[in-house]
Structure formats: structure tokens, C-alpha cells
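Enquirer: Here the sequence shown is numbered in this note's numbering, starting from 62 and rising by one per residue. Think of the CB as a built atom: it goes at the ideal place given N, C-alpha and C, for glycine as much as any other residue. Quick one: the structure is below, questions incoming.
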Amino acid sequence: EYKLTYYTPEYETKDTDILAAFRVTPQPGVPPEEAGAAVAAESSTGTWTTVWTDGL
Numbered sequence: 062e063y064k065l066t067y068y069t070p071e072y073e074t075k076d077t078d079i080l081a082a083f084r085v086t087p088q089p090g091v092p093p094e095e096a097g098a099a100v101a102a103e104s105s106t107g108t109w110t111t112v113w114t115d116g117l
């Protein structure tokens, strides 16, 4: 399932992990795990790319 790509409840955090909290209200009929997985997928998109700005 799609949610299993991003939803891993058995994962144990490490000291080097950065944690973020999101408030999610799933649409009717959408399981909370599926909605949370969709948020995780969106927030991880492009994390492998180089980030830069002209403002620094």
C-alpha cells in the first residue's frame, strides 16, 4: 500500500533525526494513516536536491 512507503510506526528515532509536527484532518473515508502518509510524501519531495538562495 501507498501509506506503507511513509508510515512506519515501528521506526525508532535517532539523535540525528529532525522531527516535525503537522495537523491533519482527513477527508471523510480516508484513514488517518493514509492522510499522514500523503503529508509525509509532500514534505519529503525534493529533499535530495541542492537548496540555495541569492539572499545569503
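Residues in its own chain within less than 6 Å of R124 by CB, not counting five upstream and five downstream?
Expert: Nothing about residue 124 can be read from this structure; the chain reaches only from 62 to 117.
Enquirer: Let's test the definition: count the other Cβ atoms within 10 Å of the Cβ of A98 and tell me whether it reaches 16, buried, or not, exposed.
Expert: A98 should be labelled buried.
Enquirer: Could you tell me which whole alpha helix (DSSP H) segments of length 4 or greater appear in the segment 75-109?
Expert: Counting whole runs of 4 or more residues, the segment 75-109 contains the alpha helix (DSSP H) stretches 93-105.
Enquirer: Does the Cβ-Cβ distance between Y68 and E94 come in under 8 Å?
Expert: Against a cut-off of 8 Å, the Cβ pair of E94 and Y68 comes out as a contact.
Enquirer: My output table needs one value for T66: the three-state DSSP class, helix, strand or coil.
Expert: Helix, per DSSP.
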